[in-house]
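One gets this note's numbering by counting positions in the sequence shown from 1 and adding 3 to each.
Encoded as structure tokens, the structure appears first; notes follow it.
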Amino acid sequence: MIRRPIKSSTAAFLGALSVLLMLGGYTFLAHRQYQRNPDDTTIPRWSQLHKGLQSAIEVNRRSGDRWLVIDAVASGQRLFLGLAGGVAASLLLGLAMGCFAPIEGFLHPPLSLLAKVPPTAALAVFFVLVGTGNNMYVAMIAFGVLPTMTLTVNLAVKEFPDELLYKAYTLGASHMEVVWTIIFRQVLPRFIDAVRLSIGPAMVYLIAAEMVVGDVGFGYRIRLQSKLLNMSVVYPYLAILAAFGFGMDSLLRLLQRKLCPWYEPRR
Numbered sequence: 004m005i006r007r008p009i010k011s012s013t014a015a016f017l018g019a020l021s022v023l024l025m026l027g028g029y030t031f032l033a034h035r036q037y038q039r040n041p042d043d044t045t046i047p048r049w050s051q052l053h054k055g056l057q058s059a060i061e062v063n064r065r066s067g068d069r070w071l072v073i074d075a076v077a078s079g080q081r082l083f084l085g086l087a088g089g090v091a092a093s094l095l096l097g098l099a100m101g102c103f104a105p106i107e108g109f110l111h112p113p114l115s116l117l118a119k120v121p122p123t124a125a126l127a128v129f130f131v132l133v134g135t136g137n138n139m140y141v142a143m144i145a146f147g148v149l150p151t152m153t154l155t156v157n158l159a160v161k162e163f164p165d166e167l168l169y170k171a172y173t174l175g176a177s178h179m180e181v182v183w184t185i186i187f188r189q190v191l192p193r194f195i196d197a198v199r200l201s202i203g204p205a206m207v208y209l210i211a212a213e214m215v216v217g218d219v220g221f222g223y224r225i226r227l228q229s230k231l232l233n234m235s236v237v238y239p240y241l242a243i244l245a246a247f248g249f250g251m252d253s254l255l256r257l258l259q260r261k262l263c264p265w266y267e268p269r270r
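Here you go:
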């Protein structure tokens with residue numbers, strides 16, 4: 004039967020199996036590449052990946068820094084600041100657009116247009132307007148997530164039943180009480196879903212910018228090491244990025260279950 008649910012144990016088994024197959028496939032490819040050319044580092048073996056990760060964690064002899072630490076601090080700060088700015092602004096603008104038709108009529112056309120502009124294609128614009136410092140990364144990430152998330156919140160607000168609005172006004176609630184006490188709570192789970200979906204694009208914008216003008220960060224390190232064909236460092240960095248994004252997504256899902264327990268059964 005279509006969309007028939009399965010047991011949680013079965014889902015966990017299938018998920019673990021898929022991960023094991025992926026790791027096994029990589030092990031096979033790495034071994035085959037090593038047999039063909041032992042000097043080829045495009046698909047490093049697990050022992051080479053371990054050495055590459057060690058070189059990123061240990062203190063570098065030339066710079067005296069730990070690559071992974073300084074890159075994680077720089078990229079993490081830029082990502083969190085950009086996401087925080089874009090998420091906060093999109094929540095306020097989306098609620099305003101969904102609740103007040105004049106604001107929606109004023110903001111909907113430009114936001115719909117800006118949502119179609121790839122932030123990576125506008126890198127030169129950010130360089131000119133903001134410079135190449137940390138403010139540029141923050142502005143680029145915020146610009147990348149704000150239009151789409153704002154429109155998502157706007158649509159979620161417009162799906163709110165009119166009957167509940169009438170009941171709230173009948174009980175004497177003010178406009179702000181209706182917005183923040185009733186509508187915001189109903190929109191919150193959809194908003195958290197939008198934040199979860201924005202993590203991946205935000206990381207893409209950040210890595211792309213760091214690859215172009217960064218002097219520190221994950222994108223800068225990946226670009227530098229890939230030019231040297233030091234893939235034993237590049238692959239662990241990619242794995243760390245994936246684990247970081249997965250961790251953020253898991254935390255947001257946990258927050259969603261805590262704040263909106265009534266939403267999970269409807270998914």
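The beta carbon of each residue, even a glycine, is placed where N, CA and C say it ideally should be.
Note that the structure is predicted; figures quoted are calculated from it, not measured.
Rounded C-alpha distance that separates residue i from residue j
i    : j    : result
V62  : D68  : 5 Å
E180 : D196 : 24 Å
A127 : K230 : 23 Å
A87  : A205 : 11 Å
L116 : D43  : 46 Å
V236 : F187 : 44 Å
C263 : Y169 : 23 Å
T155 : A104 : 16 Å
G217 : P8   : 46 Å
E166 : K261 : 26 Å
M152 : R193 : 10 Å
A33  : F109 : 55 Å
R39  : G85  : 45 Å
I46  : V215 : 25 Å
K10  : R199 : 25 Å
Y37  : F31  : 10 Å
K119 : F129 : 17 Å
Q189 : L258 : 15 Å
H20  : F247 : At residue 20 the sequence reads Leu, which differs from the His that was named. Those two C-alpha atoms are separated by around 21 Å.
A14  : W265 : 22 Å
For residue i, the residue or residues it bridges with in DSSP
i   : result
R69 : V62
Cβ distance (whole Å) where residue i is taken to contact residue j below 8 Å
i    : j    : result
Y240 : I225 : 6 Å
V141 : R81  : 6 Å
L202 : M251 : Sequence inspection shows Ile at residue 202; the Leu mentioned does not correspond to that position. Right, the Cβ-Cβ distance comes to about 5 Å (below 8 Å), so this counts as a contact.
A211 : G222 : 7 Å
G89  : A145 : 4 Å
A92  : L149 : 6 Å
G97  : N157 : 5 Å
W277 : A77  : Any property of residue 277 remains undetermined from this structure, which presents the chain solely from 4 to 270.
Endpoints, alpha helix (DSSP H) assigned at residue i
i    : result
A159 : 137-161
I225 : 221-230
F187 : 187-216
R39  : 11-39
K170 : 165-173
A127 : 126-133
I106 : 104-117
Proximity test, residue i beta-carbon vs the ligand ADP heavy atom, cut-off 7 Å
i   : result
E61 : The ligand content of the structure shown is nil, which means the ligand ADP is not present either.
**OP:** Go through the region 230-264 residue by residue and report every complete run of the alpha helix (DSSP H) that reaches 4 residues or more, in order.
**Re:** The region 230-264 contains these whole alpha helix (DSSP H) runs: 234-262.
**OP:** Ignoring anything shorter than 3 residues or poking outside the region 70-96, list the beta strand (DSSP E) runs there in chain order.
**Re:** Complete beta strand (DSSP E) runs here, min 3: none at all.
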